[in-house]
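Written out below as structure tokens is the structure these notes cover.
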Amino acid sequence: MNNNAHSTVSDVSRAPGEKEIKESEPMVRVTNLVKSFGTVVAVNDISFEVKPGEIFGLLGPNGAGKTTTVKLLLGLLEPDQGEIEVFGLNPEKDEILIKQNIGYVSEEPLIYKSMTPRMLFDFITSLRNLDPHETTEKLRYYLESLEALEYYEKLVATLSRGNKQKMQVIASLIHEPDLLILDEPLTGLDAKSAKVVKEIIELHTERGGSVIFSTHILEVAEEICDRISIIDRGKLVATGTVVELSKMANKIGADLEDIFLKLTHQDESVQKIIKNLRNIMKNNKK
Ligand SMILES: Nc1ncnc2c1ncn2[C@@H]1O[C@H](COP(=O)(O)OP(=O)(O)OP(=O)(O)O)[C@@H](O)[C@H]1O
Ligand SMILES: [Mg+2]
């Protein structure tokens, strides 16, 4: 067990507007999770908890291990070591029960290329045993909010990247799950649609739902997440609110970019890269 790299602070201070998360049984508890692919340790001794009503960010650069963590939580991959509890259940034993109450947006765009969104949603409605009338009402509301009603009957293969993503987001919501697991959910969305999806996520947590939000985009994590775990090369570097993370990095008042670079020990190397780039580009001046 290696807890050295995982810093926490005890004095919890909230920034203005930061919401209070109630202390209660976590929706998700991950303990000392390890997953390797051959010699690559994709997830290396990661532990965190997600509370009801919380938007929990998994933030890290490309290849950090975010998607692998998400797939372990969903039972799509088996861990080498460690424990996972979702709603107090084990994903390997209670996969169906857990999946009934999770909405998942994968990082790949919708794969059901020869279906229309209507066919896909009908399929989900029957699979999840949802009330068809109620679900159609909900679908209309979501499709209208995301300006995607006109694509309802079009083949998924013919939809743009962003419109496919909207359908994937809607598909994750229609059964009103307690937990949303969203892997880069804003990918491909225009500013207005991204804003609507962020609003939907907020409303979901106001009803007591939780969100695991995986992203490599610092601004998005800073804007939307109540707490963030920074993951770097499979290791969990730190977990906390932006205020807590800034304290850990001795960078109070700094933006998440500076905090992130400090906590992942990349601040000096970035300065060096920038300096080298400046020199090269100056010397190549026409
Ligand atoms: N099926 C696989 N087989 C082999 N290696 C894999 C597999 N899936 C992931 N990896 C490796 O595990 C590491 C973590 O990958 P992962 O997809 O979890 O990263 P990520 O944080 O989601 O990155 P991104 O921001 O690019 O989506 C990477 O080194 C990746 O190459
Ligand atoms: Mg990923």
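Our numbering puts the first residue of the sequence shown at 56, with every later residue one more than the last.
The beta-carbon is built from N, C-alpha and C at its ideal position, and this holds for glycine as well.
Counting only runs that start and end inside the segment 248-326, the beta strand (DSSP E) elements of at least 3 residues fall at 265-270, 282-287, 290-295. For Gly217, the enclosing alpha helix (DSSP H) begins and ends at 216-228. When DSSP reads this structure, Phe103 sits in a beta bridge with Val85.
In the three-state reduction of the DSSP assignment, Ile179 falls in the helix class, which pools H, G and I. Remark: the shortest separation between the CB of Lys121 and any heavy atom of ligand 2 falls under 7 Å. Residue nearest to Thr124 within the set Val297, Ala246, Ile236, Gly295 is Ile236 (criterion: CA-CA distance). Judged by DSSP in its simplified three-state form, Ala119 adopts coil rather than helix or strand. Ranked by Cα distance from Ile255, the options Leu198, Ala304, Lys121, Gly118 are led by Leu198. As DSSP reads the structure, Phe142 sits in no beta bridge. The beta carbon of Asp233 sits no closer than 7 Å to any heavy atom of ligand 2. With a contact defined as Cβ atoms closer than 8 Å, Val275 and Leu241 qualify at about 6 Å. Rounded to whole angstroms, Ile285 and Glu205 show a C-alpha spacing of 39 Å. Assignment of Tyr167 by DSSP, reduced to helix, strand and coil, places it in the coil class. When DSSP states are grouped into helix, strand and coil, Ser200 belongs to the helix group.
Minimum Cα-Cα distance from Ser301 among the listed residues Arg288, Glu277, Ser324 corresponds to Glu277.
In this structure, Asp310 is the residue among Thr260, Asp310, Arg262 with its C-alpha nearest to the C-alpha of Ile272. For Leu235, the enclosing beta strand (DSSP E) stretches over residues 234-238. Taking C-beta atoms as the reference points, Ile283 and Gly112 count as a pair closer than 8 Å. Assigned with DSSP and collapsed to three states, Tyr159 falls in strand.
When distances are taken from the beta-carbon of Val275 to the heavy atoms of ligand 1, even the shortest one reaches 7 Å or more. Going by beta carbons, Gly158 and Gly263 fall outside the 8 Å limit. In the assembly as shown, Glu133 is an exposed residue. Its beta-carbon has fewer than 16 other beta-carbons within 10 Å. The three-state reading of DSSP puts Leu210 in coil, since its state is none of H, G, I, E or B.
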